[in-house]
Every structure is written in structure tokens, then in C-alpha cells.
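The opening residue of the sequence shown carries number 657 in the working numbering; numbering runs sequentially from there.
All C-beta atoms in this analysis are idealised placements derived from N, C-alpha and C, irrespective of residue type, glycine included.
Small disclaimer: the values here were computed from a predicted structure and weren't measured.
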Amino acid sequence: MAGIGFELKKLFNSRGLFASFRAYGYAGVVCTGPMLLGIVLLLGVMYLCDKTGGSRHSRELLVCMITYTLLFSLTVTSFLSMVVTRFIADMLYEEKYDMVLPSFWGSTGIMLVAGGILYGIFLIFSGAGLLDGLLCLWLFGELTVTWNAMSYLTAIKDYRGIMLSFTAAIVITFISGWVLLMLGIPHVEALLIAVAVGYGVMLLWDVILLYQYFPQGEKGAFLFLRWVDQFLPLAFTGFFINIGLFAHLVIMWVGPLQVQVQGLFVGAPYHDVPALVAFLTILVTTVNFVVSVEVNFYPKYKNYYSLFNDKGAVGDITQAGEEMLKVLNVELKYTALKQLLATALAISLGGLLLEYVPLGFNDLMEGYFRTLCVGYGIYAVANTILLLLLYFTDYKGALAASGCFAGGTVLFTVISLFFPRVYYGFGFLTGSAVFFLIAAFRLDYYTKRLPYYILSVQPVVAREKRGKFSRLGFFLSKKLERSQNSEKI
């Protein structure tokens, strides 16, 4: 019993459920926030290019370059994003604030080196000019740092700072783009520079906010890699969610809708533009989830698990568990209802509003838009359920659901290519439906057996996993320490 008590104490403290809530409660913002901002800027750049007389080729090339850079940066950061948020939560709980900033630069450095090499190789063979390639690589670096900074800012719940940096990036992108175009710079280069400048301002803003919150530490830049070994399912969960969200776009680029823009830059505008616009409809669920869970669910959640630590009576624990699950079910129903209303509103009014936006919508694109609105709506609710699985530390269930989402969207999108073009959007919709069903069944199964998973599944003796990532962290820490010592000498 003493061993179990020790493990429960550890579980509910720095490495456990209270830290889990802080870490995963805002993972939805980390996952969807970057893409939402990127889509807003991308649509704005398309509008600006069209209104200033840019050619169709310039607009399509610009869209391809920004989209490729955006998706590549999100893919690179997706593997570490959830693990990093968990590491931050643990450090904040343990009041090791001086470990946060070093981990930010350590994780950023790894992403920049690994992603920069891979994306640089692609750009070399992509057919992009030297200037355009350098601008894409510059933008990739900015996006990588910005997305990683968002993981840290959302963990400390600085939403006001994030929104201000979002707004600043959008405004400065439009102003600088307009100025550069008026100076006679070609559309592709001018607007790439404008987007890079806008994200550069956002990057500086976010980094300044981080330095305002956390003290500057000198050690522990690669300590977070131990958390990758400890929470490896989290890393793959984030990666699979990213694959599930964007694989259908990449598959369409090599399908019958493919448009050869320049070199390796290909696209499927008839599918891509409706998909990007439809993605904006999940903003309602993203915001509602963070607010409602923080206000309504967390107090019940905290009370339930606190009773285990405080040696609560069995009757009190049972009653608290029933109250927690009741609130959970209510919040899920409200979340699904709000997303349903948002999706219905987007489908009914979206077609009318899109006629006034110069995005070239036709009947086929409007059909894709309606289908994908439903698909993204289902995804938004399913992702909410997945985050709840993470609250209860059901890493295996979350990994299985996200893996089925990634595999399902890839498989069903490929299958849809053998049907008439009007059915192409149903591949992602079907994959999202599978994701929702698996996540919902798993949450229902897990919560009905919650006391068992809390009391019986936990190991008697706490063990810290050490693997390849821990060894990599140790190696990089030694290299960094030697470099710092040589500089002092």
C-alpha cells in the first residue's frame, strides 16, 4: 500500500494529472492556432495579389510556396509540440522556472537543424529561384520558432499576448506587402517578403513575452528530450494528428486535380482553397473548449483526484466521479452542438459570402467546401475527445485514435480518387468520422473503468524511462557545455 500511495502522489503531482490538465488543456490551441493564422494570412495574400494585378501564375506559385512552407513547419514541430507542453507543465508545477527558456531554445534548435536540412534539400530540387528559395527557407525558420513559442505561451495561458501578436502579424503583412508592391517589386517576392516580415514581428513579440515570464537559465537546454522517452506516445499522437489533418491535401496534389505550377511546386486549387476556408469553421470549438473546460470541468476534475490524495471516503470519491463525468458529458454535448451550428451556418451562408471574395469559387469548389466543413466539424469534436483522453492519461487510447485518424484519412482519400471528382472531399470526412467513433468509444470505455485505471494499472514503483532521446539529450548537453566552457576560456 505504501508503494501505491507513493505512486499516486507522484501521479497527481508533477508528472501526473494536474500537470496533464495544464499541458493538454491548451494543446488544441497549439494544434489549430498556427494553421488558422496561416490560412488567414494566405487568403489575405491571395486577395492582395488579385487586387494589385498579379498574374494567375504568380498567385498560384505564391500559394504553393506559402502552403508548402506552412505545412512543412507544422509537420516538423508536431512531433515535439505535445511533449514540450508536458515538459513545461512539469517545470511550472515543480517551480523550476529557469529550465523553461533553455528548453525553448534547445527544442527550437533541434527543429531548425533537422527541418532546415530536409526543407533545404527539397527547395534545391524544387525549381524555385535562388531568391524565392531563400525566402521560403527564411519563412520556414520563422514559422518553426513561432509555433514552438506558442506551445510555451499557451501553457502559461497568455492568450492576450498571442492574439496581439496574431493581429500585429496580419496588419504588418498587409501594410508591408502593399508598400513593396507599390515600389514595383514582383508579386511573388514582394508578398513572400511581406509574410516573412509579418511572422518576424510575431516571432519577436512572442520571444519577448517569454523572457518577461521566465528567468534566463544556463542549463537544461536538452533536458526535455527525456520527456520524449517518457511520453513517446504523446509525440506520435501529435504527429499523427498533423498527418490526418493535412495528408488529404498532399494526396490531392498528385491526383487528377493536380495543377503543375513550377518545378516540384504542384497544387490542387479546386480542392485546396475550399479546404483552407472550411478549416476556419473549427475556431468556434477551439475557443469554446478551452473556456468551458477551464471554467466548468476542471473544478470537478481536480476535486475527484484530490480525494485520492487526501484519503477521501469511498462514497465521496464515487459521488465526485459521477459529478465529474456528468459535467464532462454536458460539456461534450454543448461542444458538439455549437460546432454543429457553426458548420450549418458556414454551409448555408458560406456559399453566398464566397461569391464576393475573389477566390474563383465554382460549383465544384462549393461542393468541396460543404463536404469539408462537415469533415472539419467532426474532426473538431473528435479532437476535443482526444484531449480529454490525455487528461485522464490514456496515452494508448489517444495514440490509437490519432493513428486511425491518420491512416483513415490517407486510405479513404486515396480510395476517393477512384470515384467521380465530386466525391473527393468525402475521404477526409470519412477519416474524421472514424476518428470520432474510436475516440468516443475509447473515452466511454475508459471513464467507466476510471477507478481501475487509477488504482490498479499504475506501477507500484515509479520508473523513469531512458532511451535514445535521453542519450541524445545527454550528448547535446555535453557538446553545449564544452562549447560554453571554451568560450569562457
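- Distance from the Cα of Pro889 is smallest, within the candidate group Leu1045, Ala1036 and Ile831, for Leu1045.
- Residues of the same chain with a CB within less than 6 Å of the CB of Ser1088, apart from the 5 flanking positions on each side, are Gly1031, Ile1034 and Tyr1035 in chain order.
- Residue pairing by DSSP places Gly923 opposite Val915 in a beta bridge.
- Taken through DSSP and simplified to helix, strand or coil, Ile695 comes out as helix.
- Contact between Leu692 and Leu939 holds: CB atoms are separated by about 6 Å, below the 8 Å threshold.
- Counting along the chain, the unbroken alpha helix (DSSP H) around Pro889 starts and ends at Leu888 to Trp909.
- Per DSSP, reduced to three states, the secondary structure at Pro955 is helical.
- Leu718 and Val844 have their C-alpha atoms roughly 6 Å apart.
- By the criterion of a C-beta distance shorter than 6 Å, Gly894 is surrounded in its chain by Ser734, Ser737 and Met738, once the five residues flanking it on both sides are discounted.
- Closest in alpha carbon position to Asp746, among Ala1057, Trp883 and Tyr1102, is Trp883.
- When the five nearest sequence neighbours on each side are left out, the beta carbons in the same chain lying within less than 7 Å of the beta carbon of Leu1099 are those of Ile1041, Leu1044 and Leu1045, in order along the chain.
- Annotated as distal: Gly900 and Ala1095, with beta-carbon spacing of 8 Å or more.
- By the neighbour-count criterion, in which a residue is buried when 16 or more other Cβ atoms sit within 10 angstroms of its Cβ, Gln886 is buried.
- Pairing Thr1027 with Gly1064 gives a Cβ-Cβ distance that is not under 8 Å.
- If you check the CB distance, Leu757 and Phe880 do not come in under 8 Å.
- Between the stretch 785 to 805 and the stretch 713 to 727 there are three or more inter-stretch CB-CB distances shorter than 8 Å, so the stretches are counted as touching.
- Take the alpha-carbon of Thr1069 and the one of Ala770: they are about 29 Å apart.
- Here Glu716 is buried, its C-beta having at least 16 other C-beta atoms within 10 Å.
- Glu750: not part of any alpha helix (DSSP H); DSSP gives it neither H nor E.
- Counted as a single uninterrupted DSSP element, the alpha helix (DSSP H) harbouring Leu774 occupies residues Val756 to Phe781.
- Around the beta-carbon of Asp972, fewer than 16 other beta-carbon atoms lie within 10 Å, marking it exposed.
- Contact between the stretch 831 to 841 and the stretch 776 to 789 is absent: fewer than 3 CB-CB pairs across the two stretches fall below 8 Å.
- In its chain, beyond the 5 residues on either side, Ser1072 have a beta carbon closer than 7 Å to the beta carbon of Tyr1079.
- In this structure, DSSP gives Lys875 a state outside helix and strand, which the three-state scheme calls coil.
- The beta carbon of Phe892 sits closer than 7 Å to those of Leu1055, all from its chain and outside the five residues before and after it, given in chain order.
- Taking a C-beta distance under 8 Å as the contact criterion, Gly854 and Leu697 qualify as a contact pair.
- For the options Arg1105, Phe902, Ser759 and Leu1001, the alpha carbon positioned closest to that of Lys875 is the one of Ser759.
- Asp1019 sits in a helix when the DSSP states are folded into three classes.
- Here Thr708 has Leu837 as same chain residues with Cβ atoms under 6 Å from its own Cβ, once five neighbours each way along the sequence are excluded.
- Straight-line measurement puts the Cα of Thr1103 at about 17 Å from the Cα of Val970.
- Boundaries of the alpha helix (DSSP H) harbouring Ile864: His843 to Tyr869, taken from the DSSP string.
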